[in-house]
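Going by UniProt numbering, the sequence shown opens with residue 1, and the numbers climb by one from there.
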Amino acid sequence: MSRECSWKMMRYFVSQSQIENFQLIGISGELSHSRISVQKTLKNKEILDSERDVIEQELSECANMIERMDEFYRFLEQAFEELQKDIKMAEISNQLKQSKPLTRAKKFGKNDQNNNKAETKENTLGSNDSDKTKLSV
1 MSRECSWKMM
11 RYFVSQSQIE
21 NFQLIGISGE
31 LSHSRISVQK
41 TLKNKEILDS
51 ERDVIEQELS
61 ECANMIERMD
71 EFYRFLEQAF
81 EELQKDIKMA
91 EISNQLKQSK
101 PLTRAKKFGK
111 NDQNNNKAET
121 KENTLGSNDS
131 DKTKLSV
């Protein structure tokens, strides 16, 4: 082979190897970019997982708080009902204190005495004046 031919062949192989090197560099760059992209994705996934954990924890705390608020609300309802009963009992007690304490026997005795007095007056008026008409009180 001549020098020229071998020189051309060498240039061809060198240029071919350079092309392959550039291709390898390009593939390497793509792989590096892909690796960085995968790392960023993994990092984002870790961040999202940690944020999800934080959100789940906050939701759990909110659920516990709501449960405690429900218990407190039931307690307040019960206390309010008891307070209403106490108020009603106090009102009844005040009404009883303000009313005149008359027993049944005293009531009937007083009414009977009033009726007897009226009858007595009627009889007395009628017996004194037999000619006059009876006046009733």
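Using N, Cα and C, we set each Cβ at its ideal position, and we do this for glycine too.
Alpha carbon of residue i to alpha carbon of residue j, nearest angstrom
i, j, result
"lysine 43", "leucine 31", "18 Å"
"aspartate 70", "leucine 76", "10 Å"
"histidine 33", "arginine 68", "52 Å"
"isoleucine 27", "threonine 41", "20 Å"
"isoleucine 55", "isoleucine 66", "16 Å"
"serine 17", "glutamine 39", "32 Å"
"glutamate 51", "glutamate 61", "15 Å"
"leucine 59", "glycine 29", "44 Å"
"valine 137", "serine 99", "At valine 137, the pLDDT of 45 sits below 50, so the modelled position is not reliable; the number obtained from the coordinates is stated separately. Computed Cα separation, rounded: 29 Å."
"glutamate 20", "aspartate 53", "48 Å"
"leucine 96", "glutamate 81", "23 Å"
"glutamine 78", "aspartate 86", "12 Å"
"lysine 88", "phenylalanine 72", "24 Å"
"glutamine 84", "serine 93", "14 Å"
Closer than 7 Å: residue i CB and nearest the ligand SAH heavy atom
i, result
"arginine 68", "Of the ligands one can find in the structure shown there are none, so the ligand SAH has no counterpart to examine."
Residue i (DSSP reduced to helix, strand or coil)
i, result
"residue 144", "Residue 144 lies beyond the residue range present for the chain, which begins at 1 and ends at 137; the question has no answer from this structure."
"serine 50", "helix"
"serine 99", "coil"
"lysine 134", "Note that lysine 134 scores 49 on pLDDT, short of 50, meaning its location in the model is unreliable; the coordinates nonetheless yield the value given after this. Lysine 134 falls in the coil class under three-state DSSP."
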